[in-house]
Every structure is written in C-alpha cells, then in structure tokens.
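Respectively, the protein sequence lines represent chains Y and G.
Start counting the first sequence at 1; every next residue gets the next number (our numbering).
Start counting the second sequence at 1; every next residue gets the next number (our numbering).
By construction, the Cβ of each residue, glycine as well, lies at the ideal position given by its N, Cα and C atoms.
Being a predicted model, the structure only gives us computed values, none of them experimental.
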Amino acid sequence: MNRRVVITGMGIYSCLGKTLDEVKESLYNGKSGIIFDPARKEMGFRSALTAKMEVPDLKGQLSRSQRVYMPEEAKYAYVATCEALKNANIDMDFLEKNEVGLLYGNDSTADAVVKSVDTMREKKDTTLVGSGAIFQSMNSTVTMNLGCIFKLRGINLTVSGACASSSHAIGLGSLLIKWGLQDCIVCGGAQEVNPFSIGSFDGISAFSVREDDPTKASRPFDRDRDGLVPGGGAATVIIESYEHAVKRGAPILAEVIGYGFSSNGDHMSQPNVDGPSRSLQMAIREAGIDIRTIGYLNAHATSTPVGDRQEAKAIYNVFGDHRPEVTSTKAMTGHEMWMAGASEVVYSMLMMQNDFIAPNINFENPDEDSAKLNIPNKRVEKSFDTFLSNSFGFGGTNSTLIVKKFVK
Amino acid sequence: MEKQQFIDELNQLLAEEFEVEVSTIQPDASIKMTLALDSLSLIDLVAVIENTYKVKISGPEMIHIKKFSELYDYLYERIENSIL
Numbered sequence: 001m002n003r004r005v006v007i008t009g010m011g012i013y014s015c016l017g018k019t020l021d022e023v024k025e026s027l028y029n030g031k032s033g034i035i036f037d038p039a040r041k042e043m044g045f046r047s048a049l050t051a052k053m054e055v056p057d058l059k060g061q062l063s064r065s066q067r068v069y070m071p072e073e074a075k076y077a078y079v080a081t082c083e084a085l086k087n088a089n090i091d092m093d094f095l096e097k098n099e100v101g102l103l104y105g106n107d108s109t110a111d112a113v114v115k116s117v118d119t120m121r122e123k124k125d126t127t128l129v130g131s132g133a134i135f136q137s138m139n140s141t142v143t144m145n146l147g148c149i150f151k152l153r154g155i156n157l158t159v160s161g162a163c164a165s166s167s168h169a170i171g172l173g174s175l176l177i178k179w180g181l182q183d184c185i186v187c188g189g190a191q192e193v194n195p196f197s198i199g200s201f202d203g204i205s206a207f208s209v210r211e212d213d214p215t216k217a218s219r220p221f222d223r224d225r226d227g228l229v230p231g232g233g234a235a236t237v238i239i240e241s242y243e244h245a246v247k248r249g250a251p252i253l254a255e256v257i258g259y260g261f262s263s264n265g266d267h268m269s270q271p272n273v274d275g276p277s278r279s280l281q282m283a284i285r286e287a288g289i290d291i292r293t294i295g296y297l298n299a300h301a302t303s304t305p306v307g308d309r310q311e312a313k314a315i316y317n318v319f320g321d322h323r324p325e326v327t328s329t330k331a332m333t334g335h336e337m338w339m340a341g342a343s344e345v346v347y348s349m350l351m352m353q354n355d356f357i358a359p360n361i362n363f364e365n366p367d368e369d370s371a372k373l374n375i376p377n378k379r380v381e382k383s384f385d386t387f388l389s390n391s392f393g394f395g396g397t398n399s400t401l402i403v404k405k406f407v408k
Numbered sequence: 001m002e003k004q005q006f007i008d009e010l011n012q013l014l015a016e017e018f019e020v021e022v023s024t025i026q027p028d029a030s031i032k033m034t035l036a037l038d039s040l041s042l043i044d045l046v047a048v049i050e051n052t053y054k055v056k057i058s059g060p061e062m063i064h065i066k067k068f069s070e071l072y073d074y075l076y077e078r079i080e081n082s083i084l
C-alpha cells in the first residue's frame with residue numbers, strides 16, 4: 001500500500017507564541033524568544049540563557065486526577081494538541097469512535113525525576129512522592145498523558161531520538177499511514193524548559209555565553225556563533241491518509257512527501273557530513289522530486305561551531321548550485337530539542353501558508369561553509385510550494401522531512 | 001487543638017488538595033466518593049495527611065476508613081497521642 005499522507009491540523013506552544021497566529025507574527029517580524037534567567041546563574045550555570053516560557057495553568061480545563069500525572073512538557077503538548085485537533089476539525093466524539101494514533105517525540109523528564117528523588121532523600125518515605133511522580137518521570141509521559149486525555153485508540157508511542165525525536169515521530173507516522181496501518185495520527189514533540197533538564201548540557205560548554213545580549217546569542221551559521229541556547233515547549237501536527245481526510249471533510253494543509261533518516265555511526269556529540277547528507281538524499285529520493293522544486297530549507301543548525309559547519313557542508317553537497325533560502329528558526333527560538341522537528345515543521349508550514357521566509361536573525365557574517373548557502377538575515381517575501389526540514393541529534397541520529405503544498 | 005477546629009482545618013485542606021467544595025465534605029459522606037479517589041489518588045490522600053500532620057497511615061488502616069467521621073476520629077486520636 002502506498003497512500004498519500006496529508007497534514008490536516010497544527011498546534012504550537014513555544015517561546016514565539018502560544019497560538020499559531022502569535023507564532024506566525026513572531027516569525028514574520030523576526031522576534032526572538034530568548035531571555036537571561038538569573039536563577040540559572042545562582043545554580044552555577046555557565047550560561048543562563050533560555051527560551052522564555054510560561055507553564056500553562058490547566059486548572060479548569062483538566063481535572064486534578066488528569067493534571068497530577070502531567071509534567072510541564074505534557075502540559076505544553078496538551079495545549080498544542082488541543083489547537084491542532086481543533087484546526088483539524090477533530091472532536092472528542094470522533095476520537096472515541098475512531099482509531100487515532102499518537103507518536104510524540106520526547107527524550108527527558110528531568111524535573112519530575114529530580115523532584116521525586118529529592119523527596120525520597122529528604123523524607124525517607126516513597127509514599128510522599130505522590131501518585132503522579134512515576135507517570136511524570138517516565139520518558140513516555142507525554143504519550144501516556146495525551147493518550148488517556150484524548151482517549152486515543154491507535155498506536156501510542158514515544159519516539160526518543162535526541163534532537164531529532166519529533167521529526168522521526170512525524171516521519172514514522174507518515175510511514176504507518178502510507179502503508180495503511182493507521183488512518184490518522186497525532187504527531188509532535190515536547191521539550192521541558194527547566195534548569196534540571198539542561199544543567200548537564202550546560203556542563204559540556206555547549207551553550208552560548210553571550211549573556212549580555214540574549215536575543216543575539218543564538219546565531220546559526222554566523223561566523224561568530226559560540227553555542228546554542230536551550231528552548232522548548234511543544235508542537236503537534238495531525239497527519240492522516242488523503243482518503244481519510246477527504247472522507248471526513250478535513251482541511252488539507254499540506255502533504256508529507258518525503259522522510260529520510262540515517263545514523264552517523266560516529267561520535268557522540270560531533271556530527272559528521274556523511275550521515276546528514278544521506279538523510280537528505282533519502283528524503284529527496286523518497287519524495288521523488290527534483291531538488292529544484294524545494295523552495296525553502298529549514299536547517300537543524302543550532303548555533304554550535306561544529307554542527308552548523310557540518311550541516312552547511314551537507315546541504316551544499318546535496319543541493320550544489322541550487323540555492324533555496326536556508327534558515328534556522330533556532331536563531332529566534334533557541335534549540336527546542338525533542339520538540340524541534342515538529343515545531344520546525346509548524347514554523348515552515350506557517351511560512352509556506354503565508355508566503356514568507358522568516359529571517360535567520362543574527363546572521364551577520366558567514367563562515368567559509370555558510371557562505372556557500374543562501375541564508376537571508378532579513379525576511380523574504382516569497383511564495384514556495386515545498387520545504388525540507390532537517391533534524392539531527394546526539395549519538396548521530398538524523399531525520400529529514402519534505403512537505404509540499406497540497407495539490408489534489 | 002479542639003476537635004472541631006481540627007476537623008474544619010482538615011476539611012479545608014482536603015477540599016483544596018482534591019478540588020472539591022468544602023461543603024461536600026460531611027462526616028457521614030464517603031471519602032472515596034466525595035474526593036473522587038481511585039487507587040492512585042488514594043496515595044495522595046495518605047501523602048497530604050502525612051506531610052501535614054506527620055501521621056503515617058498504613059494501607060491496611062486506610063482500607064477500614066470509609067467515612068470522614070472515621071478519618072477525623074482516627075487522625076485526631078493519633079495527633080492527640082503524639083502530642084502527649
């Protein structure tokens with residue numbers, strides 16, 4: 001079976017906004033969501049830069065017994081998923097009567113683990129961690145929570161692939177639909193935003209220390225980049241088979257036409273060029289398109305010296321003289337890690353729907369490799385039909401998605 | 001502490017923790033039904049009591065406490081004894 005896979009709904013909760021409209025405005029205006037968090041400095045962080053996030057208060061929307069199992073990343077995912085389902089015209093009645101799946105990227109639950117361990121150490125009594133701790137502490141907490149809240153009855157699985165987690169979630173979901181194993185899947189990614197979740201990441205000197213100017217700190221592809229800025233939140237996309245979408249009269253926003261993946265089989269944290277190149281090539285091959293039809297490339301580029309350089313080389317290797325606009329929205333969001341694959345599909349979708357390419361803010365001077373790419377630091381007013389989105393992660397996991405405007 | 005004052009404070013604590021109207025907490029009412037407890041949230045009842053009153057209720061003991069009046073008596077006696 002080889003069915004077409006379409007996107008019928010999107011939702012997002014990020015440092016650029018709490019709704020699609022807010023996020024679109026931030027993207028359009030090149031607005032950064034990065035701040036300095038003094039509390040991190042007090043905790044001994046090398047860099048106190050982070051995305052500005054507010055944990056949603058779901059009291060009144062969800063019962064105590066539902067909320068008690070939810071760490072912050074599950075709350076972000078809930079809000080994003082509500083928006084996506086609403087936009088896809090899917091209600092609870094539909095979810096209860098149909099076999100809708102759930103594939104969500106997540107790769108940490110540090111805050112919940114730290115808090116329950118602190119309680120155990122202090123109180124010497126495991127009962128006092130409460131009933132929610134175990135469910136908040138498991139890596140699959142987001143899919144456990146969303147599956148129960150939305151009464152989902154199809155596949156229910158967390159995808160953990162480091163910073164490519166949610167890109168893989170969408171890619172794997174598209175394969176399940178393509179092969180006829182599922183008709184509709186809630187896909188996405190969530191990322192906790194708290195000091196405990198990234199303290200050890202700060203410890204390996206991966207973060208930018210441009211603390212005197214937070215909105216300038218994340219500068220993918222720029223010659224003077226000095227590290228990434230951690231971010232987070234959640235993003236959801238609803239994918240389904242074309243036939244299923246038509247049958248229920250769903251709004252069809254776009255089509256997932258390519259998913260590529262690879263593993264570097266190399267260094268734990270240092271990416272190479274071969275692995276990402278193969279992921280890009282596979283996605284293009286699977287999409288069956290001429291690369292000249294790709295009008296925009298949303299790069300993984302996190303603002304680290306080595307990572308951006310290797311990705312620039314990989315993109316140049318694959319695209320050669322075809323030079324679509326390449327930007328990294330991480331210049332505004334910071335690195336949304338487990339959430340990034342899904343959020344960057346949403347960001348790119350918003351650009352494609354509204355005929356613009358958000359600026360790669362802070363890209364002031366290219367280096368030898370980024371000079372070979374077409375990286376705008378100002379917004380480009382442009383209509384495009386197809387975009388490619390890269391996501392790469394620690395351990396050398398790579399994922400590439402290609403999404404196209406829907407044509408019947 | 002007078003028993004009625006203790007009961008009023010406990011009722012307020014449980015109402016806030018389990019998000020119910022304090023007026024629904026009556027001596028003859030079922031704890032499980034009133035606070036909408038399942039096997040998991042029952043743990044939270046034990047935890048909130050232990051954290052607040054420093055009184056540990058074992059699982060077997062909790063099974064026999066069905067009504068709020070039984071909880072009041074059990075806890076008040078334990079607290080009084082611990083003070084003495």
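First and last residue of the beta strand (DSSP E) that includes residue i?
i              : result
G9 (chain Y)   : 5 to 13
T109 (chain Y) : Taken as a continuous stretch (DSSP letters only), T109 (chain Y) belongs to no beta strand (DSSP E), as it is neither H nor E.
E255 (chain Y) : 254 to 263
L152 (chain Y) : Looking at the DSSP string, L152 (chain Y) is not in any beta strand (DSSP E), and its letter there is neither H nor E.
F36 (chain Y)  : 34 to 36
T50 (chain Y)  : 49 to 51
From the DSSP output, which residues share a beta bridge with residue i?
i              : result
I238 (chain Y) : Y:G9, Y:V186
Y296 (chain Y) : Y:E325, Y:F387
N374 (chain Y) : Y:E325
D222 (chain Y) : Y:P366
H335 (chain Y) : Y:P230
K313 (chain Y) : Bridge partners of K313 (chain Y): none, in fact.
K67 (chain G)  : G:S30
L16 (chain Y)  : The partner list for L16 (chain Y) (beta bridge, DSSP) is empty, contrary to what the question assumes.
V380 (chain Y) : Y:I357
L27 (chain Y)  : Answer by DSSP bridge pairing: none, since L27 (chain Y) is not bridged.
F319 (chain Y) : F319 (chain Y) pairs with nothing; no bridge assigned.
Skipping 5 residues on each side, what residues in its chain have a beta carbon closer than 7 Å to that of residue i?
i              : result
A164 (chain Y) : G341, S391, F392, G393, T397, N398, S399
V55 (chain Y)  : E72, K75
D202 (chain Y) : F45, R46, S47
L95 (chain Y)  : F150, K151, L152
F68 (chain G)  : I25, Q26, P27, A29, I31
Y53 (chain G)  : L75, I79
L71 (chain G)  : I31, I65
H244 (chain Y) : D183, C184
K404 (chain Y) : A254, E255, I257, D385, T386
M53 (chain Y)  : C15, V193, G232, G233
M120 (chain Y) : T126, V129
Nearest by alpha-carbon distance to residue i: which of the options is it?
i              : options                        : result
N374 (chain Y) : Y:P324, Y:R210, Y:N272, Y:R225 : Y:P324
G154 (chain Y) : Y:S160, Y:S167, Y:G161, Y:G180 : Y:G180
E42 (chain Y)  : Y:V113, Y:P195, Y:K123, Y:V129 : Y:P195
K330 (chain Y) : Y:R121, Y:S205, Y:G231         : Y:G231
V246 (chain Y) : Y:N89, Y:L58, Y:K59            : Y:N89
D321 (chain Y) : Y:A299, Y:I294, Y:W338         : Y:I294
Hey, could you find the ends of the alpha helix (DSSP H) residue i is sitting in?
i              : result
F135 (chain Y) : 133 to 137
V403 (chain Y) : Taken as a continuous stretch (DSSP letters only), V403 (chain Y) belongs to no alpha helix (DSSP H), being part of the beta strand (DSSP E) at 397 to 405.
L280 (chain Y) : 274 to 287
S63 (chain Y)  : First-last for S63 (chain Y): undefined, no H or E at that position.
V79 (chain Y)  : 72 to 87
N354 (chain Y) : 340 to 354
E9 (chain G)   : 3 to 18
G203 (chain Y) : 195 to 203
T52 (chain G)  : 41 to 53
M92 (chain Y)  : 92 to 97
S303 (chain Y) : From DSSP, S303 (chain Y) is part of no alpha helix (DSSP H); its letter is neither H nor E.
H168 (chain Y) : 165 to 178
What distance in whole Å lies between the Cβ atoms of residue j and residue i, which are believed to be in contact at a cut-off of 8 Å?
i              : j              : result
L49 (chain Y)  : E311 (chain Y) : Not quite, the Cβ-Cβ distance comes to about 21 Å (not below 8 Å), so this is no contact.
A51 (chain Y)  : G227 (chain Y) : About 15 Å separates the two Cβ atoms, so there is no contact after all.
T127 (chain Y) : E50 (chain G)  : 7 Å
I35 (chain Y)  : A217 (chain Y) : Their Cβ separation, rounded to whole angstroms, is 10 Å, which puts I35 (chain Y) and A217 (chain Y) out of contact at 8 Å.
Q136 (chain Y) : W338 (chain Y) : Between W338 (chain Y) and Q136 (chain Y) the Cβ distance is about 16 Å, and since that is not below 8 Å, they are no contact.
N87 (chain Y)  : N139 (chain Y) : Their Cβ separation, rounded to whole angstroms, is 28 Å, which puts N87 (chain Y) and N139 (chain Y) out of contact at 8 Å.
Got a sec? Which residues, its chain only, sit under 8 Å from residue i by beta carbon, not counting five neighbours each side?
i              : result
Y28 (chain Y)  : N354, F356, A358, R379
V318 (chain Y) : S277, L280, Q281, I284, I291
K31 (chain Y)  : L16, E25, M332
Grab me the residues of residue i's own chain with a C-beta within less than 6 Å of its C-beta, minus the 5 sequence neighbours each way, in chain order.
i              : result
K3 (chain G)   : Y76
L84 (chain G)  : Reliability fails at L84 (chain G), whose pLDDT of 49 lies under 50, so the model's placement of it is uncertain and no value is given.
A84 (chain Y)  : G9, M10, G11, T236, I238
D308 (chain Y) : P220, F221, A301
Quick one: list the residues of chain B neighbouring residue i, beta-carbon separation under 7 Å, in chain order.
i             : result
F18 (chain G) : The structure shown contains no chain B; the protein chains it does contain are Y and G.
Taking 8 Å as the cut-off, does the CB of residue i come closer than this to any heavy atom belonging to the ligand SAM?
i              : result
H300 (chain Y) : Inclusion of the ligand SAM in the displayed structure is not the case, the ligand content being empty and no account of it being possible.
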